[in-house]
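**Q** Shown below is the structure under consideration.
Number of protein chains: 4
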Amino acid sequence: MAGNTFGQLFRITTWGESHGRAIGVVVDGVPAGLEINKKMVEGELKRRRPGQSSISTPRKESDEVEILSGVFEGKSTGTPVSMLVWNKNVDSSSYERIKNLPRPGHADYLYQKKYGIRDYRGGGRSSARETVGRVAAGSIAKALLKRYGIKIAAHVVELGGIKAERQDFDKIMENLEKTPLRCADLDAAEKMLEKAEIARNMGDSIGGIVEVIVKGVPPGIGEPVFDKLDADLSKALMSIGSVKGIEYGSGFESARMYGSKMNDSFLIENGDVRTETNNSGGIIGGLSTGMPIICRAAVKPTPSISKIQKTVDLSTMSETEISIHGRHDPTIPPRMVPVAESMVALVIVDHMIRCGNIDPDSLLG
Amino acid sequence: MAGNTFGQLFRITTWGESHGRAIGVVVDGVPAGLEINKKMVEGELKRRRPGQSSISTPRKESDEVEILSGVFEGKSTGTPVSMLVWNKNVDSSSYERIKNLPRPGHADYLYQKKYGIRDYRGGGRSSARETVGRVAAGSIAKALLKRYGIKIAAHVVELGGIKAERQDFDKIMENLEKTPLRCADLDAAEKMLEKAEIARNMGDSIGGIVEVIVKGVPPGIGEPVFDKLDADLSKALMSIGSVKGIEYGSGFESARMYGSKMNDSFLIENGDVRTETNNSGGIIGGLSTGMPIICRAAVKPTPSISKIQKTVDLSTMSETEISIHGRHDPTIPPRMVPVAESMVALVIVDHMIRCGNIDPDSLLG
Amino acid sequence: MAGNTFGQLFRITTWGESHGRAIGVVVDGVPAGLEINKKMVEGELKRRRPGQSSISTPRKESDEVEILSGVFEGKSTGTPVSMLVWNKNVDSSSYERIKNLPRPGHADYLYQKKYGIRDYRGGGRSSARETVGRVAAGSIAKALLKRYGIKIAAHVVELGGIKAERQDFDKIMENLEKTPLRCADLDAAEKMLEKAEIARNMGDSIGGIVEVIVKGVPPGIGEPVFDKLDADLSKALMSIGSVKGIEYGSGFESARMYGSKMNDSFLIENGDVRTETNNSGGIIGGLSTGMPIICRAAVKPTPSISKIQKTVDLSTMSETEISIHGRHDPTIPPRMVPVAESMVALVIVDHMIRCGNIDPDSLLG
Amino acid sequence: MAGNTFGQLFRITTWGESHGRAIGVVVDGVPAGLEINKKMVEGELKRRRPGQSSISTPRKESDEVEILSGVFEGKSTGTPVSMLVWNKNVDSSSYERIKNLPRPGHADYLYQKKYGIRDYRGGGRSSARETVGRVAAGSIAKALLKRYGIKIAAHVVELGGIKAERQDFDKIMENLEKTPLRCADLDAAEKMLEKAEIARNMGDSIGGIVEVIVKGVPPGIGEPVFDKLDADLSKALMSIGSVKGIEYGSGFESARMYGSKMNDSFLIENGDVRTETNNSGGIIGGLSTGMPIICRAAVKPTPSISKIQKTVDLSTMSETEISIHGRHDPTIPPRMVPVAESMVALVIVDHMIRCGNIDPDSLLG
């Protein structure tokens with residue numbers, strides 16, 4: 012059933028399979044008057060592209076976007092922005108061979124069971140390539156947020172068990188793209204890289220944790236009691252493939268804290284109310300507090316590994332083995348960074364419009 | 012903006028404030044022919060009621076439900092089921108005193124900031140009493156799932172840092188209501204109780220972790236790519252007050268696992284495909300696998316504590332202190348158990364209908 | 012399936028059966044700071060109440076509303092406003108007798124077919140009493156629109172083939188409640204009354220046309236291409252029982268006009284663009300033009316008549332006859348006036364919020 | 012705000028401007044296993060194409076569709092079906108000249124007012140070319156309905172005041188495409204053609220009425236009380252440009268009928284309940300009755316006419332005149348036929364899935 016649309020007032024619909032003709036997104040609800048161009052969208056798409064380092068797959072994916080509607084003379088017109096990226100240089104031969112062998116950790120078997128048919132080439136709709144549409148849409152959301160002084164940055168804070176030291180927001184922005192790991196602690200990044208390469212050499216993979224920080228969100232954004240800001244962010248992040256956990260501020264650690272320690276005390280600063288600490292991660296009662304929003308997503312190791320795994324042959328309903336060759340990242344978090352930023356940006360924009368903080372019709376006049 | 016409705020086809024709308032006239036819910040999309048009665052609803056409401064033990068507030072809350080529509084001669088008719096519980100014996104005097112002093116860890120300040128007005132009595136709409144509507148609706152969802160052989164149980168697996176030993180599903184069902192802790196490991200429950208009482212005596216509070224297990228969900232439930240089953244469950248659970256984290260199966264631990272360990276191998280059992288392990292927590296690619304669904308929610312310590320905390324006086328915009336007296340649980344997870352079960356049940360029912368596994372119109376004929 | 016909720020950002024959910032315990036509505040998305048009280052709601056409910064004249068049923072319906080949530084110290088708080096009216100003095104005995112004889116022109120048979128069960132007493136959910144919730148919600152929408160200088164009036168322009176002379180808006184407002192017909196042409200009203208009484212005496216009923224006029228809507232309200240203002244208004248009006256047609260401005264007559272006559276020319280008035288004529292009925296391309304919005308709904312004759320009609324006995328699946336006694340209006344349009352106003356008000360408010368013309372959070376500060 | 016998506020479970024999102032790069036649609040919720048191919052889609056697109064006769068514009072529009080996703084080896088896979096048609100041979104020069112002169116009867120001025128910017132070329136988003144996406148999606152909906160024995164046909168029943176004689180369904184199907192008028196009464200068609208040509212020669216245009224008939228819908232489809240089948244159909248049809256009125260069965264005429272005449276009596280036929288007449292147009296209480304669904308849409312005359320009209324110059328805010336040259340149909344109804352069929356098909360499919368009459372996941376197995 013229809014589940015490919017996300018958002019209420021700033022709403023995206025993604026479409027496309029990994030090895031189909033193209034992959035794309037329709038963004039509905041972009042206020043008129045926003046500058047939108049290929050360069051801006053491709054800048055973000057490039058960040059999620061594979062083939063950027065030894066730990067990302069050497070596949071060459073086309074990232075040239077076509078903006079097909081909703082933009083006139085360089086600006087949004089308030090009508091839907093449709094964007095697509097053609098799928099080029101797809102090689103589906105390796106998938107032909109395993110079309111009856113569902114890959115462990117992948118949705119192959121479940122798509123087959125649910126729909127009775129599936130495009131098995133490159134993982135079809137459940138491929139990470141589906142995130143192209145999310146990131147293209149996210150680039151518009153981020154450009155819009157920028158107009159309101161809101162900044163978003165995601166970064167890798169843990170990989171294969173190696174934890175990064177906490178960095179301040181400016182340092183994260185500065186270091187984010189310095190290494191293919193997208194870890195702002197450059198020493199940790201080096202160790203992470205090593206660990207990822209070892210895993211790859213073993214035919215294995217590792218997981219990690221991506222943190223997203225949003226600065227500049229005014230207080231009161233979010234809608235009780237179900238469309239709370241953290242509820243919608245959780246749905247957004249959990250909808251990204253391979254995410255297995257989400258937490259805000261002190262997160263799971265808060266389960267082990269005393270209330271007197273966890274509670275963020277209020278104080279007055281420059282005539283405004285703010286909190287002394289930010290254990291809540293910038294959201295209380297489902298509403299933004301005005302403090303930075305901080306959430307983390309736990310990412311499982313890449314399911315595609317060359318190590319031999321047990322699986323079944325659906326054509327004979329018998330047990331067998333599978334070894335997945337091909338060009339796969341040994342770890343996902345670094346490439347998930349722009350996807351996580353995008354999903355968070357989409358939620359924030361949607362809620363900013365819902366709260367009346369962004370005019371839904373036009374940024375002009 | 013309107014955020015008080017949850018679900019697509021099985022859809023609830025809750026309303027009511029803690030110290031208002033009443034609190035309630037409208038459940039739309041209940042298939043006709045389901046037995047619904049007061050006893051069944053009140054059975055669940057009783058589980059979330061305070062005043063059940065030394066670690067839950069001695070407040071007496073009315074839990075007598077009125078079923079106002081949608082049920083005829085004991086059965087649902089396919090029209091909306093409206094239910095309400097009157098608020099009786101409310102004493103708002105203690106709130107009058109602190110109406111300008113936002114309680115740390117609560118949404119008081121943010122409601123005031125967002126709306127410019129708020130019902131401060133008993134926390135108003137952001138009170139945990141709001142969950143009465145969720146649990147009443149959840150009792151219907153659970154009764155419906157029972158018809159399809161689906162069972163849901165939540166239990167406390169960690170409190171104040173004390174971890175319970177893993178128990179099998181039957182043991183959880185057996186022990187769940189044996190202690191006010193709702194922890195199936197009875198030894199751990201004892202230690203948790205002790206810890207909670209100590210916290211209360213210190214004027215403080217502790218957090219914990221609630222796990223929800225769902226058995227019997229057929230494979231293929233969930234809607235890629237945004238309305239994934241785990242995405243919707245995350246939104247559902249994160250919309251419960253005080254939840255700060257969510258994880259499935261191996262969850263955050265999967266960030267530290269190798270792919271070869273994390274991946275659940277497929278095998279054939281009784282002619283059906285299933286997985287050897289269940290690190291995925293019963294959901295892969297946003298679709299149920301047919302294995303038990305396992306998710307955990309991290310719950311922060313009760314924000315209302317009698318210890319002195321720093322806050323501000325909104326009437327004078329100056330800094331001050333607050334000590335919250337009154338009848339508050341020193342820990343939330345045990346009472347969150349029926350709420351978590353309810354939210355999960357609502358999501359599963361909604362997705363079962365969306366997938367065509369439950370007839371949306373009628374269970375009759 | 013769930014179909015009892017209407018609106019996107021100003022959203023109502025109605026519930027209740029004609030002879031059930033109560034009937035009500037939850038209004039979600041009311042901006043904080045609006046004065047809401049029983050008197051205002053009951054003022055509108057009174058207008059839809061039967062028993063007001065010789066041509067409306069002498070049934071006594073309770074119209075005392077209880078406002079259960081969302082209002083604090085006389086003002087909305089931004090949380091859901093739940094309202095109910097108890098069903099008193101219901102006499103279901105006459106329905107017991109015909110529970111297996113579906114009434115022609117009614118939904119009895121279809122509810123039975125769809126759900127396999129139905130509350131047959133008083134028409135159950137498909138009774139006109141369901142509109143109590145719509146009108147209660149509409150009274151809030153109208154109060155909100157009033158703050159923005161928008162006025163709504165519906166009136167009967169045709170009944171039993173008798174057409175009223177066109178009146179200007181002020182005259183309509185002045186004469187609207189002068190007769191039970193709610194026809195602003197008082198001469199026509201007299202003839203209509205006569206015709207309705209004759210129909211009733213024959214054991215028959217007549218239909219008519221209700222016109223709704225909205226003044227003060229700013230230009231540009233509505234959302235292309237599906238959520239056009241007239242598209243949403245059509246859904247709203249067609250969802251009222253017994254409506255069989257909808258038209259705007261010249262409506263069906265425009266099918267017979269030349270383009271040069273139909274097109275509303277633009278001109279400048281007081282520095283603003285407006286149109287010379289208003290054949291479009293205030294909506295072009297799905298957007299309000301700033302001119303009065305004018306729509307008309309064709310209403311079929313009351314289906315409940317005492318004349319003998321052919322029907323079937325569902326218990327024996329044989330053909331039989333039915334004569335519907337009891338207290339039924341011989342014509343619906345006069346009592347539909349407040350319902351039509353309410354549905355239109357709900358759509359206009361919803362779209363005003365969607366367009367950013369009303370702050371969704373608060374009217375305060 | 013986002014208004015370019017239609018439907019709940021079978022949901023389309025259209026995008027594109029008349030003279031933009033392309034125009035298209037994403038169809039979400041197509042059950043897996045449906046045969047979909049270019050030929051089938053283009054067959055419908057060809058029906059709405061201009062340049063087919065003396066009364067339709069000689070513009071050559073490309074109607075070659077690209078199916079970009081959701082189809083694998085000729086069958087739907089349950090994932091979104093994205094389709095586009097490139098805009099070729101667009102000539103925007105004539106629009107450049109009138110970009111500040113809003114055309115009477117068009118939405119030009121309102122888009123400019125609402126968004127502060129607009130793509131004025133060819134009418135931009137408010138052009139009838141937008142319906143390409145609707146018809147492409149409609150071709151899938153119709154193919155799906157065909158599997159369930161449901162047939163849809165629209166035809167012109169009145170044009171420029173000339174009324175066609177009522178024809179039975181088979182005759183309509185037979186004659187529908189015999190003349191460019193799409194009027195099944197071939198004699199009337201001839202007179203309509205004459206009238207349209209006279210209007211065109213005068214630099215003017217005429218309107219008409221399109222009727223849509225749906226056969227084979229089972230009883231009980233539709234969702235009380237707001238998502239009634241006729242309510243959703245009304246929204247669907249009213250969202251088509253130039254429609255100014257909608258009616259079902261006896262429609263506006265029912266306002267002049269007695270109840271005893273209007274009511275459709277029940278009888279037994281082959282062991283099933285049906286109605287003797289069909290004044291209700293196949294829908295009572297918002298639910299399909301099992302009888303043919305009959306609705307009519309009043310279509311205003313083409314607003315683009317070459318006759319001189321009064322308008323304003325937005326750049327100088329002064330009054331002026333406009334004469335619209337170019338290639339415009341003198342009447343819209345014949346070309347609206349496939350659009351109306353499509354919108355009705357989309358609503359019926361959506362409601363069939365909502366009622367559980369079509370499996371949302373798969374037609375396979």
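For the protein sequence lines, the chains are D, A, Y and C, in the order given. What the first sequence shows, in this note's numbering, is residues 12 to 376, in sequence order. What the second sequence shows, in this note's numbering, is residues 12 to 376, in sequence order. What the third sequence shows, in this note's numbering, is residues 12 to 376, in sequence order. What the fourth sequence shows, in this note's numbering, is residues 12 to 376, in sequence order. Virtual Cβ for every residue (Gly too), placed ideally from N, Cα, C. All values reported here derive from a predicted model rather than from experimental measurement.
Which residues of chain Y have a Cβ atom closer than 7 Å to the Cβ of D/G367, listed in chain order?
**A** Here residue 367 of chain D is taken as the residue at index 356 of the first sequence, counted from 1. Within chain Y, the residues near D/G367 are G367, D370, P371, D372.
**Q** Identify the contact partners of C/V310 in chain Y, using a Cβ-Cβ distance below 7 Å as the criterion.
**A** To locate residue 310 of chain C, count along the fourth sequence from 1; it is residue 299. Per Cβ cutoff of 7 Å: A266.
**Q** Does chain D have any CB closer than 8 Å to the CB of C/G127?
**A** One-based indexing of the fourth sequence puts residue 127 of chain C at position 116. For C/G127, the answer is yes, since a Cβ of chain D falls inside 8 Å of its Cβ.
**Q** Taking D/R136 as the query, report the chain A residues whose CB atoms sit under 8 Å from its CB, ordered along the chain.
**A** What you label residue 136 of chain D is simply residue 125 of the first sequence in a count that begins at 1. P235, V236, listed in chain order.
**Q** Bridge partners for D/D283 per DSSP, in chain order?
**A** Taking the first residue of the first sequence as 1, we reach residue 283 of chain D at position 272. D/E280.
**Q** Measure from the C-beta of D/V223 to each C-beta in chain A and report whether the shortest distance is under 8 Å.
**A** Translated into positions along the first sequence, residue 223 of chain D becomes position 212. No - not a single Cβ of chain A is within 8 Å of the one on D/V223.
**Q** Going by beta-carbon coordinates alone, are A/G227 and A/K162 separated by less than 8 Å?
**A** Within the second sequence, numbered from 1, the residue matching residue 227 of chain A stands at position 216. Within the second sequence, numbered from 1, the residue matching residue 162 of chain A stands at position 151. Yes, they are a contact pair.
**Q** Would D/T90 count as contacting chain C if we go by Cβ distances under 8 Å?
**A** Counted from its first residue, the first sequence places residue 90 of chain D at position 79. Yes, because at least one Cβ of chain C sits closer than 8 Å to the Cβ of D/T90.
**Q** What residues in its chain sit with their C-beta under 7 Å from that of D/G219, if we drop five residues either side in the sequence?
**A** Locating residue 219 of chain D in the first sequence gives position 208, where the first residue counts as 1. Only V167, E169, L170, G171, V310, T342, P344 meet the Cβ criterion.
**Q** Identify the residues that DSSP records as bridge partners of A/Q320: which are they?
**A** Counted from its first residue, the second sequence places residue 320 of chain A at position 309. BP columns for A/Q320 point to A/I333.
**Q** With a CB to CB cut of under 6 Å and the five nearest residues on each side skipped, what residues in its chain are close to Y/E330?
**A** Here residue 330 of chain Y refers to the residue found at position 319 when the third sequence is read from its first residue. Excluding sequence neighbours, Y/E330 sits near V323.
**Q** What is the DSSP secondary structure of C/G27, counted as helix, strand or coil?
**A** For the purposes of this step, residue 27 of chain C is taken as the residue at position 16 of the fourth sequence. Strand at C/G27.
**Q** Quick one: give me the first and last residue of the beta strand (DSSP E) that Y/G256 is part of.
**A** Numbered from 1 along the third sequence, position 245 holds the residue referred to as residue 256 of chain Y. Here the beta strand (DSSP E) through Y/G256 covers 254-259.
**Q** Could you list the residues in the region 194-224 of chain Y with a C-beta less than 9 Å from some C-beta on chain C, going in chain order?
**A** Listed in sequence order: A210, M213, G214, D215, S216, I217, G218, G219, I220.
**Q** Relative to the C-alpha of A/R145, which residue among A/G337, A/H117, A/S373, A/P349 is closest?
**A** On the second sequence, position 134 is the one that residue 145 of chain A refers to. Ranking the options by Cα distance to A/R145, first place goes to A/P349.
**Q** According to DSSP, is D/A13 part of a helix, a strand, or is it coil?
**A** For this step, residue 13 of chain D is matched to residue 2 along the first sequence. Of the three classes helix, strand and coil, the one that applies to D/A13 here is coil, per DSSP.
**Q** Taking C-beta pairs closer than 8 Å, name the residues in chain D that A/H117 reaches, listed in chain order.
**A** In the second sequence, the residue the question calls residue 117 of chain A occupies position 106. Simply I295, G296.
**Q** The alpha helix (DSSP H) that contains C/K49, what's its start and end?
**A** Position 38 of the fourth sequence, counted from the start, is the residue given in the question as residue 49 of chain C. It spans 49-59 - the alpha helix (DSSP H) in which C/K49 sits, taken as one unbroken run.
**Q** Could you tell me the distance, in whole angstroms, from the CA atom of Y/E352 to the CA atom of Y/S299?
**A** Indexing the third sequence from 1 puts residue 352 of chain Y at position 341. Indexing the third sequence from 1 puts residue 299 of chain Y at position 288. Between Y/E352 and Y/S299, the C-alpha separation is close to 17 Å.
**Q** Tell me, to the nearest whole angstrom, how far the beta carbon of A/V143 is from that of A/V355; I am working on the premise that it is less than 8 Å.
**A** The sequence position of residue 143 of chain A within the second sequence is 132, counting from 1. The sequence position of residue 355 of chain A within the second sequence is 344, counting from 1. That pair is no contact at about 17 Å.
**Q** Quick check on Y/A175: does DSSP put it in helix, strand or coil?
**A** Here residue 175 of chain Y corresponds to residue number 164 of the third sequence, with the count starting at 1. The answer is coil: DSSP assigns Y/A175 none of H, G, I, E or B.
**Q** Smallest Cα separation from Y/G252: which of C/A242, C/V92, C/K246, C/M347?
**A** The residue given as residue 252 of chain Y occupies position 241 in the third sequence. With distances taken between Cα atoms, Y/G252 lies closest to C/A242.
**Q** Grab the span of the alpha helix (DSSP H) containing D/M354 for me, first residue to last.
**A** Within the first sequence, residue 354 of chain D is the residue found at index 343, counting from 1. Segment 344-365, the alpha helix (DSSP H) holding D/M354.
**Q** What does the Cβ neighbour count give for D/M114, buried or exposed, with the cut at 16 atoms within 10 Å?
**A** Start at 1 with the first residue of the first sequence, and residue 114 of chain D comes out as number 103. Checking the displayed sequence, the identity of residue 114 of chain D turns out to be Arg instead of Met. Counting Cβ neighbours within 10 Å, D/R114 comes out buried, since at least 16 surround it.
**Q** Between C/K174 and chain Y, is any beta-carbon pair separated by less than 8 Å?
**A** Taking the first residue of the fourth sequence as position 1, residue 174 of chain C is located at position 163. No - not a single Cβ of chain Y is within 8 Å of the one on C/K174.
**Q** Who pairs with A/L170 in a beta bridge, going by DSSP?
**A** In the second sequence, counting from the first residue as 1, residue 170 of chain A sits at position 159. Bridge partners of A/L170: A/I173, A/G219.
**Q** Would DSSP call Y/R158 helix, strand or coil?
**A** As a first step, residue 158 of chain Y must be located in the third sequence, where it is residue number 147. Here Y/R158 sits in helix by DSSP.
**Q** The alpha helix (DSSP H) that contains A/D198, what's its start and end?
**A** Reading the second sequence from its first residue, position 187 is the one you call residue 198 of chain A. A/D198 -> alpha helix (DSSP H) spans 197-212.
**Q** Decide if the region 279-293 of chain A is in contact with the region 287-298 of chain D; the criterion is three or more beta carbon pairs, one per stretch, under 8 Å apart.
**A** As far as the Cβ criterion goes, the region 279-293 of chain A does not touch the region 287-298 of chain D, which means the pair count is below three.
**Q** Using the Cα positions of Y/D275 and C/G116, report the straight-line distance between them to the nearest angstrom.
**A** What you label residue 275 of chain Y is simply residue 264 of the third sequence in a count that begins at 1. What you label residue 116 of chain C is simply residue 105 of the fourth sequence in a count that begins at 1. Y/D275 and C/G116: Cα-Cα distance of roughly 6 Å.
**Q** With distance defined between alpha-carbon atoms, name the residue in D/D181, D/K124, D/K202, D/S65 nearest to D/I173.
**A** As a working note, residue 173 of chain D is residue 162 in the first sequence. Nearest option by C-alpha distance: D/K202.
**Q** Among D/Y106, D/E55, D/I109, D/E188, which one has its Cα closest to the Cα of D/G149?
**A** For this step, residue 149 of chain D is matched to residue 138 along the first sequence. For the residues D/Y106, D/E55, D/I109, D/E188, the minimum Cα distance to D/G149 belongs to D/E55.
**Q** Taking the alpha helix (DSSP H) that C/L248 falls in, what are its first and last residues?
**A** Reading the fourth sequence from its first residue, position 237 is the one you call residue 248 of chain C. Run containing C/L248: 240-249, per the alpha helix (DSSP H) assignment.
**Q** Quick one: what does DSSP say Y/A308 is sitting in, helix, strand or coil?
**A** Sequence index remark: in the third sequence, residue 308 of chain Y carries index 297 (1-based). Y/A308: strand per DSSP, three-state reduction.
**Q** Which two residues bound the contiguous beta strand (DSSP E) that contains Y/S93?
**A** Translated into the one-based positions of the third sequence, residue 93 of chain Y becomes position 82. That run of the beta strand (DSSP E) goes 92-97.
**Q** Tell me the DSSP bridge mates of D/Y269?
**A** As a first step, residue 269 of chain D must be located in the first sequence, where it is residue number 258. Answer is A/I217.
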